[in-house]
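Student: One structure coming up, written as C-alpha cells, with questions to follow.
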Amino acid sequence: MERTGPTVRFSGLLAAATAAVLAAGALVATAPVAGAADVDLARNGGFESGLDGWSCTAASGAVVSTPVHGGTKALKATPAGSDNAKCSQSITVKPNSSYTLSAWVQGSYVYLGATGTGTTDVSTWTQSSGAWKQLTTTFRTGPSTTSVSVYTHGWYGTPAHYVDDLTLVGPGGDPVVIPAVPAGLKTTAITSSSVALSWNAVSGASGYNVYRGGTKVATATGPSATVTGLTPSTAYSFQVSATNAAGESAKSAAITATTTAGGGGGGDTKLPARALVGYLHSSFANGSGYTRMADVPDSWDVINLAFGEPTSVTSGDIRFSLCPVAECPNVESEAEFKAAIKAKQAAGKKVLISIGGQNGQVQLASTAARDAFVTSVSKIIDTYGLDGLDIDFEGHSLSLNTGDTDFRSPTSPVIVNLISAVKSLKAKYGSDFVLTMAPETFFVQLGYQFYGSGPWGGQDPRAGAYLPVIHALRDDLTLLHVQDYNSGPIMGLDNQYHTMGGADFHIAMTDMLLAGFPVAGNTSRVFPGLRPDQVAIGLPASTQAGNGHTTPAEVNKALNCLIKKTDCGSYQTHGTWSDLRGLMTWSINWDRFNNWEFSRNFDAYFGN
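If you're matching positions, the sequence shown starts at 5 in our numbering and goes up one per residue.
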C-alpha cells in the first residue's frame with residue numbers, strides 16, 4: 005500500500021534470470037570415440053516414428069517434415085509461457101559406464117542434457133544456430149544407475165526450435181521393467197478444496213499418476229502431489245500408480261479423505277459471509293484527505309489502520325500514532341479515536357493494525373527483532389483495543405536467501421522470524437485474533453514462475469517470498485487479499501500473461517490462490533490452495549489510489565466468474581468459488597474521495 009505514487013518492481017527480474025541462465029550454460033565436451041561394444045540406445049532419435057518414446061511438456065512437441073537434418077522427420081518444439089518445450093526420454097543404461105549424448109539442433113538457446121546419471125548431470129546448449137549444429141556432451145553413470153533421462157528444451161519466450169538425429173552411445177543396460185505398486189499412500193494436508201498426498205518412492209519409477217475415484221487427476225515426478233478443486237465437506241477416494249518407460253504399475257490401495265468445511269477462516273473471527281476490507285489513513289494524510297474513524301461508513305467490515313512502522317528497518321520495534329495536527333487539521337483526539345474503535349467493534353466491525361506499507365520496511369533478521377516485534381505490536385493492540393494484525397510487508401522486507409528453495413521449509417531468517425512472531429501473537433490473543441495479509445503479486449503469484457534467486461542465481465530473491473509465510477500460517481490466516489494493482493503482467497494457471505485493470509486479471513490471480521500451483525514449475529512442490537472464505541480480492545478504490553484501477557462493471561464480472569462461473573471470458577477457473585469472502589481496497593480515504601463508488605458497488609452487488 006502506498007502513501008504516494010505506484011512502484012512496479014518487475015523491470016529487472018526476467019532480464020536477470022535470463023542473464024543468469026546464459027551464464028550457467030555448460031561447455032560442449034569433446035566426445036570420445038565409441039567402443040566396439042557400444043550401441044545407440046536412444047529410441048526413435050530421428051523422430052521418424054513421430055513422438056514414439058518421447059514425452060513432451062504441454063503441447064510443445066510436434067514432428068515435421070521440414071527442416072530435417074537426416075531422414076524425413078525432425079522434432080519441432082515451441083516454448084510458450086512458463087513451458088520451455090522440454091522433450092525427454094528415459095533410457096536404460098549400465099552402472100559405472102561412459103556415454104556420449106549428441107543431437108543436431110537448429111534455433112536459439114536449444115539445450116541438450118541428461119539427468120539421473122548418478123554422478124554429475126550434464127547439459128550443453130547453443131546460443132544461436134541458424135543452420136543445423138551438433139551438440140555433444142558426455143557423462144559417466146554412478147555405481148547403481150540403471151536408467152537416465154535425456155532431454156532437449158528451448159528457453160522461455162524464444163521461437164520454435166528443431167531437433168534431429170539424437171543419439172546416446174554406450175553399453176546397453178538391462179531391460180526396463182514396470183515399477184512396483186507404490187505403498188504408504190497417506191494425506192499430509194487437507195483443506196476445504198484440496199488434499200495433499202504423499203507415498204513411498206518406488207525404485208525404477210520415473211513418475212507417478214494420481215487417481216481420484218478411479219480417474220487420473222494429476223501426475224508427479226516425485227512421491228507427493230496435491231489434488232485441488234475439491235468441494236468442502238466431501239469424501240474422496242485416492243490411489244496412485246508408478247510409471248516408467250516400460251509402462252504403468254497397478255494402482256495402490258485406496259485411501260479416503262474428507263475435505264474440511266468452508267468458513268471459519270483462522271478461528272472464530274465472526275466475519276460476515278461477504279466482507280469489505282479497507283485501509284484507513286490514520287497516521288498520515290495524502291491527496292485523499294484525512295477521514296476520522298467515527299466517519300467510516302458501516303459498509304466496511306474490516307478497517308486496517310495504516311500504518312504501524314518500525315523505528316528502523318531491522319529493529320522490529322513497531323510504533324503507531326495518529327496523524328499530526330499540522331498534517332491533518334481535522335484529526336480526532338486519542339480518546340475520540342479509541343471511543344470510535346469501540347463503537348465500530350460494538351457494531352460487529354473488526355479494527356486491525358496494519359504493519360508496513362510502502363515506506364515501512366520491516367526485516368526481522370534476528371531473534372531480538374522478532375521479540376521486539378511481538379512486544380511492540382502487542383502494545384499497539386492493547387493500547388487501542390484492536391482485533392488483530394494485518395501484514396503489509398512490501399519492498400525489501402521479505403526476501404529469500406540463496407539456497408532457500410522450498411516454501412514448505414524456509415530457512416531465511418526474515419521469513420522464519422516473521423512466522424514465529426505471528427504465531428506468538430496468535431497464541432497470546434487466541435482464536436478471536438484476526439490475521440490478514442496484503443502482499444503484492446510479485447511476492448505470491450509470480451512464484452508460479454520464479455522463486456527466490458532461482459536454480460542458477462541472479463533472479464530477484466524477493467520473487468514468491470510471501471509463499472512460505474502464507475503456507476506456514478494458513479491455519480491461522482483469516483484473510484489473504486493480494487494487491488491486484490501496481491503489478492506487472494503475471495502468468496496464470498493457463499500459462500498466459502494477465503495484465504491488471506480488468507476482470508481477467510482478478511479472475512486469474514484469485515483462481516491461483518484457490519486452486520494452488522506448483523512453485524517455480526516444480527510439480528513436487530505445490531502450494532496448496534486456500535479456502536475461498538480466506539480470500540478477498542484487493543483493488544484500488546479510484547484511479548488516484550494506484551495503477552490498475554478496475555471499473556465497477558469489471559469488478560462485478562470478476563465476482564460473477566469466481567462465485568458463479570459466469571462472465572469468465574477466456575480464462576476458465578479451476579472451481580466455482582461460491583464462498584469467496586469479498587473485496588479489499590486501498591483505501592477508505594480514496595473511496596471517500598471518489599464519492600464512495602467502490603463500497604457502494606460492493607453493497608449493491610451483495611445486496612447489503
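By construction, the Cβ of each residue, glycine as well, lies at the ideal position given by its N, Cα and C atoms.
Every value quoted in this text rests on a predicted model; they were computed, and no experiment measured them.
What residue range does the alpha helix (DSSP H) around R604 cover?
Tutor: Numbered from its first residue, the sequence shown carries residue 604 at position 600. 601-610 is the span of the alpha helix (DSSP H), which, as asked, contains R604.
Student: Is it true that the region 81-98 meets the region 125-138, where meeting means three or more beta-carbon pairs spaced less than 8 Å apart?
Tutor: Contact between the region 81-98 and the region 125-138 is absent, because fewer than three Cβ pairs lie under 8 Å.
Student: Using alpha carbons as the reference points, say which of I494, A184, C572, S69 lies closest to Y452.
Tutor: By one-based count along the sequence shown, residue 452 stands at place 448. Among I494, A184, C572, S69, the Cα nearest to that of Y452 is on I494.
Student: Beta-carbon within less than 8 Å of N334's beta-carbon, same chain only, minus the 5 sequence neighbours each way: which residues are those?
Tutor: To locate residue 334, count along the sequence shown from 1; it is residue 330. Here the set comprises Y294, R296.
Student: On the CB-based measure, 16 or more other CB atoms within 10 Å of its CB, does A540 come out buried or exposed?
Tutor: To locate residue 540, count along the sequence shown from 1; it is residue 536. Answer is buried; the Cβ neighbour count reaches 16.
Student: I'd like the list of long-range same chain contacts for M588, defined as Cβ closer than 6 Å, with 5 residues on each side in sequence excluded.
Tutor: For the purposes of this step, residue 588 is identified with residue 584 of the sequence shown, where counting begins at 1. Within the same chain, M588 has close Cβ partners V281, H485, A540, G542.
Student: Nearest to S196 by CA position, among L234, S106, I419, R478, is which residue?
Tutor: As a working mapping, residue 196 is identified with position 192 in the sequence shown. Out of L234, S106, I419, R478, L234 has the C-alpha closest to the C-alpha of S196.
Student: Beta-carbon of D498 versus every beta-carbon of chain E: anything under 8 Å?
Tutor: Given the protein chain composition of this structure (a single chain), no chain E is represented.
Student: Do T149 and V97 have their beta-carbon atoms positioned less than 8 Å apart in this structure?
Tutor: Translated into positions along the sequence shown, residue 97 becomes position 93. Translated into positions along the sequence shown, residue 149 becomes position 145. In contact: V97 and T149 (Cβ atoms closer than 8 Å).
Student: Could you tell me whether the Cβ atoms of L284 and S591 are closer together than 8 Å?
Tutor: Numbered from 1 along the sequence shown, position 280 holds the residue referred to as residue 284. Numbered from 1 along the sequence shown, position 587 holds the residue referred to as residue 591. Contact: yes.
Student: Measure the alpha-carbon distance for V173 versus L139 and round it to whole angstroms.
Tutor: By 1-based counting over the sequence shown, the position of residue 173 is 169. By 1-based counting over the sequence shown, the position of residue 139 is 135. The alpha-carbon atoms of V173 and L139 are separated by roughly 14 Å.
Student: Let me know the secondary structure DSSP gives Y155 once reduced to three states.
Tutor: As a first step, residue 155 must be located in the sequence shown, where it is residue number 151. Correct three-state label for Y155: strand.
Student: Would you kindly report the start and end of the unbroken alpha helix (DSSP H) that includes R596?
Tutor: Walking along the sequence shown from the start, residue 596 turns up at place 592. Element bounds for R596: 592-597.
Student: Just curious, the beta strand (DSSP E) that E338 is in, first and last residue?
Tutor: Walking along the sequence shown from the start, residue 338 turns up at place 334. No beta strand (DSSP E) contains E338, which is instead part of the alpha helix (DSSP H) from 338-350.
Student: Would DSSP call N363 helix, strand or coil?
Tutor: Numbered from its first residue, the sequence shown carries residue 363 at position 359. In this structure, N363 counts as coil in the three-state DSSP scheme.
Student: Looking only at its chain, what residues have a beta carbon closer than 8 Å to the beta carbon of P147, apart from the 5 residues adjacent to it on each side?
Tutor: Within the sequence shown, the letter at position 143 stands for residue 147. So the qualifying residues of the chain are P99, N100, G122.
Student: P472 to G134, Cα distance in whole Å?
Tutor: As a working note, residue 472 is residue 468 in the sequence shown. As a working note, residue 134 is residue 130 in the sequence shown. If you take the alpha carbons of P472 and G134, they lie about 43 Å apart.
Student: Measure from the alpha carbon of G389 to the alpha carbon of each residue in T570, R144, K353, then state which is nearest.
Tutor: Here residue 389 corresponds to residue number 385 of the sequence shown, with the count starting at 1. Closest option to G389, Cα to Cα, is K353.
Student: Could you check the C-alpha separation between L439 and L275 for me, to the nearest Å?
Tutor: Your numbering for residue 439 matches position 435 in the sequence shown. Your numbering for residue 275 matches position 271 in the sequence shown. Those two C-alpha atoms are separated by around 12 Å.
Student: Can you tell me whether N593 is buried or exposed? The criterion is at least 16 other CB atoms within 10 Å of its CB, across all chains shown.
Tutor: Along the sequence shown, read from residue 1 onward, the residue named residue 593 stands at position 589. N593 is buried by the Cβ-count criterion.
Student: Per DSSP, what are the beta-bridge partners of S102 in this structure?
Tutor: Counted from its first residue, the sequence shown places residue 102 at position 98. R144.
Student: Closest to N612 by C-alpha separation, out of V355, S237, A279, A107, would be which residue?
Tutor: Within the sequence shown, the letter at position 608 stands for residue 612. For the residues V355, S237, A279, A107, the minimum Cα distance to N612 belongs to A279.
Student: With 16 as the cutoff for other CB atoms within 10 Å, does G217 come out buried or exposed?
Tutor: Locating residue 217 in the sequence shown gives position 213, where the first residue counts as 1. Exposed, because fewer than 16 other Cβ atoms sit within 10 Å of the Cβ of G217.
Student: Which parts of the region 499-543 are runs of the beta strand (DSSP E), unbroken and 3 residues or longer, counting only runs that do not cross its ends?
Tutor: With a minimum length of 3 residues, the continuous beta strand (DSSP E) runs that stay inside the region 499-543 are 520-523, 526-532.
Student: Which residues mark the beginning and the end of the beta strand (DSSP E) in which N213 is found?
Tutor: For the purposes of this step, residue 213 is identified with residue 209 of the sequence shown, where counting begins at 1. 211-216 is the extent of the beta strand (DSSP E) around N213.
Student: So is A347 buried or exposed if we call it buried at 16+ other beta carbons inside 10 Å?
Tutor: Translated into positions along the sequence shown, residue 347 becomes position 343. A347 is exposed by the Cβ-count criterion.
Student: Within this structure, are the beta carbons of V199 and V231 separated by less than 8 Å?
Tutor: Taking the sequence shown and counting its residues from 1, the one referred to as residue 199 is at position 195. Taking the sequence shown and counting its residues from 1, the one referred to as residue 231 is at position 227. Taking 8 Å as the Cβ cut-off, V199 and V231 qualify as a contacting pair.
Student: Got a sec? Which residues, its chain only, sit under 8 Å from E252 by beta carbon, not counting five neighbours each side?
Tutor: Locating residue 252 in the sequence shown gives position 248, where the first residue counts as 1. Hits under 8 Å: I182, N213, S245, A246.
Student: DSSP state of I423, grouped into three classes?
Tutor: Here the question's residue 423 lines up with position 419 in the sequence shown. Three-state result, I423: helix.
Student: Just list the residues that DSSP pairs P314 with in beta bridges.
Tutor: Numbered from its first residue, the sequence shown carries residue 314 at position 310. Its beta-bridge partners are I322.
Student: Do you know whose CA, among I259, A239, G208, T260, lies nearest N248's CA?
Tutor: As a first step, residue 248 must be located in the sequence shown, where it is residue number 244. Ranking I259, A239, G208, T260 by Cα distance to N248 puts G208 first.
Student: Out of curiosity, what's the CA-to-CA distance linking G461 and F454?
Tutor: Counting from one through the sequence shown, the residue named residue 461 turns up at place 457. Counting from one through the sequence shown, the residue named residue 454 turns up at place 450. One C-alpha to the other measures close to 11 Å.
Student: Taking the alpha-carbon positions, what's the A35 to G177 distance?
Tutor: In the sequence shown, counting from the first residue as 1, residue 35 sits at position 31. In the sequence shown, counting from the first residue as 1, residue 177 sits at position 173. Note that A35 has pLDDT 37, beneath the 50 cutoff, so the model's placement of it is unreliable and the number below is only indicative. In a straight line, the C-alpha of A35 is about 21 Å away from that of G177.
Student: So, helix, strand or coil for Y294, using DSSP?
Tutor: On the sequence shown, position 290 is the one that residue 294 refers to. Looking at Y294 - three-state DSSP - the assignment turns out to be coil, as it is neither helix nor strand.
Student: Going by the CB atoms, is the gap between A224 and T527 shorter than 8 Å?
Tutor: Your numbering for residue 527 matches position 523 in the sequence shown. Your numbering for residue 224 matches position 220 in the sequence shown. Yes.
Student: Measuring CA to CA, which of L55, G57, I259, V154 is closest to S106?
Tutor: As a first step, residue 106 is located in the sequence shown; it is residue number 102 there, counting from the start. Among L55, G57, I259, V154, the Cα nearest to that of S106 is on V154.
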